[in-house]
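*Asks:* Just so we're aligned, residue 21 is where the sequence shown starts under this note's numbering, counting upward by one.
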Amino acid sequence: SADDTTYAGCIQRRFPDIEFVNAGGPSYIAKQQWIHLALNLLPLKPDGIVILDGFNDMAIPVAYGDRPGYPYLWDTYSGLLSGNLFRTLWAHLRMKSNINRVISRIRTCNYANSPAFEKDVLPKVLDQYVRATAMTYDLCRSRGIRVWHVLQPQLATKKSRTAVEEKYMYGPFTEAMAKHYPRLIERAAAFSTAEKIPFLDMSGAIADVEESIFVDFCHLNDRGQELMADEMGEFLEKNGLGELSRPGQR
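(1) Using alpha carbons as the reference points, say which of Gly85, Leu109, Glu246 lies closest to arginine 127.
(2) Just how far apart, CA to CA, sit phenylalanine 255 and phenylalanine 106?
(3) How many Å lie between leucine 247 and alanine 43 at the Cα?
(4) Could you tell me if alanine 210 is buried or exposed, where buried requires 16 or more neighbouring beta carbons within 10 angstroms of its beta carbon?
(5) When the Cα atoms are used, what is the spatial distance from tyrosine 190 to glutamine 174?
(6) Taking the straight line between their C-alpha atoms, what separation do you get for cysteine 238 and isoleucine 205?
(7) Please classify aspartate 236 as buried or exposed, where buried requires at least 16 other C-beta atoms within 10 Å of its C-beta.
(8) Between the beta-carbon of valine 170 and the beta-carbon of leucine 72, is there less than 8 Å?
(9) On the three-state DSSP scale, how would you describe leucine 256?
(10) Which two residues bound the contiguous beta strand (DSSP E) that contains arginine 166?
(11) For alanine 83 and proline 143, I'd like the C-alpha separation in whole angstroms.
(12) Indicate whether the contact test is met: 3 or more Cβ pairs, each with one atom in the segment 49-64 and one in the segment 89-107, closer than 8 Å.
(13) Note the first and the last residue of the continuous beta strand (DSSP E) segment covering glycine 99.
(14) Could you tell me which residues DSSP pairs with isoleucine 126 in its beta bridges?
(15) So tyrosine 13 packs on glutamate 215, CB below 8 Å; how close in whole Å?
(16) From which residue to which residue does the alpha helix (DSSP H) around aspartate 86 run?
(17) Beta carbon of leucine 261: closer than 7 Å to some heavy atom of the ligand GTP?
(18) Helix, strand or coil: which one does DSSP assign to aspartate 147?
(19) For the candidate residues Arg125, Arg114, Thr96, Asn120, whose alpha-carbon lies nearest to that of threonine 194?
(20) Using beta-carbon positions only, say whether aspartate 228 and lysine 179 come within less than 8 Å of one another.
Set out below in structure tokens:
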């Protein structure tokens, strides 16, 4: 999407008296968001923060086998920079070999559907997500910044997938995300409620949409961005965003 057709651009038109800055980071997990907020966003002195997250915290361990709470491809990049010849070569192979990538995805996604993942990995995914979210909430509170929390949509939990969207499905990954992502949503919803932070499950909000709105497993086309903006706009309006409607607010 172009900037003006993203959900942020659509919401900006709905609230013209408030400046919206789309400050998301690619493939960020909750812990990276906290760091990004502290280093890059607080200097902008925002009056409010809309958190949009969740998918990467679950998808990265499921699809890539990275440790919960570690950034995307952390083990691979750390291997490249390790200074150890064997680790560097192995990391280079992991990044460049298509065969290795395919085999690795099959292995990790199949493991994500196993009882061992549910017992040993899933609790760590959920716990690290809540801890990182707590740090973001606390940091915003300490600066008097209002917070709204939105959980990202994903294709696996969409009830009516079109033929186009079915092409983006990969069986074991879809199965794992359909099973585990709702657990993350439940934990996030419970924690945000306990912390008195307004919360919106965007996966649930667009689950019944019958038209094609995804361009891959988690990114939306222009129509999807518009629908997401409508849901988020109503949510933000209902939960006090209009109180920021003064010149210069962001």
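We treat Cβ as the ideally placed atom computed from N, Cα and C, and that holds for glycine.
*Replies:* Once the coordinates are examined:
(1) Gly85
(2) 51 Å
(3) 20 Å
(4) In summary, alanine 210 is exposed, with fewer than 16 beta-carbon neighbours lying within 10 Å of its beta-carbon over all protein chains present.
(5) 13 Å
(6) A straight line joining the alpha-carbon of cysteine 238 with that of isoleucine 205 spans about 15 Å.
(7) exposed
(8) Yes, Cβ-Cβ distance for valine 170 and leucine 72 is below 8 Å.
(9) helix
(10) 166-171
(11) 17 Å
(12) yes
(13) Glycine 99 -> not in any beta strand (DSSP E); alpha helix (DSSP H) instead, spanning 94-100.
(14) Per DSSP, none; premise fails for isoleucine 126.
(15) Residue numbering for the chain in the displayed model covers 21 to 270; residue 13 lies beyond these limits and cannot be assessed.
(16) That residue, aspartate 86, is in no alpha helix (DSSP H); it is neither H nor E in DSSP.
(17) With respect to the ligand GTP, the structure shown offers nothing to examine, as it has no ligands at all.
(18) helix
(19) Arg125
(20) Note that the C-beta distance between aspartate 228 and lysine 179 is below 8 Å.
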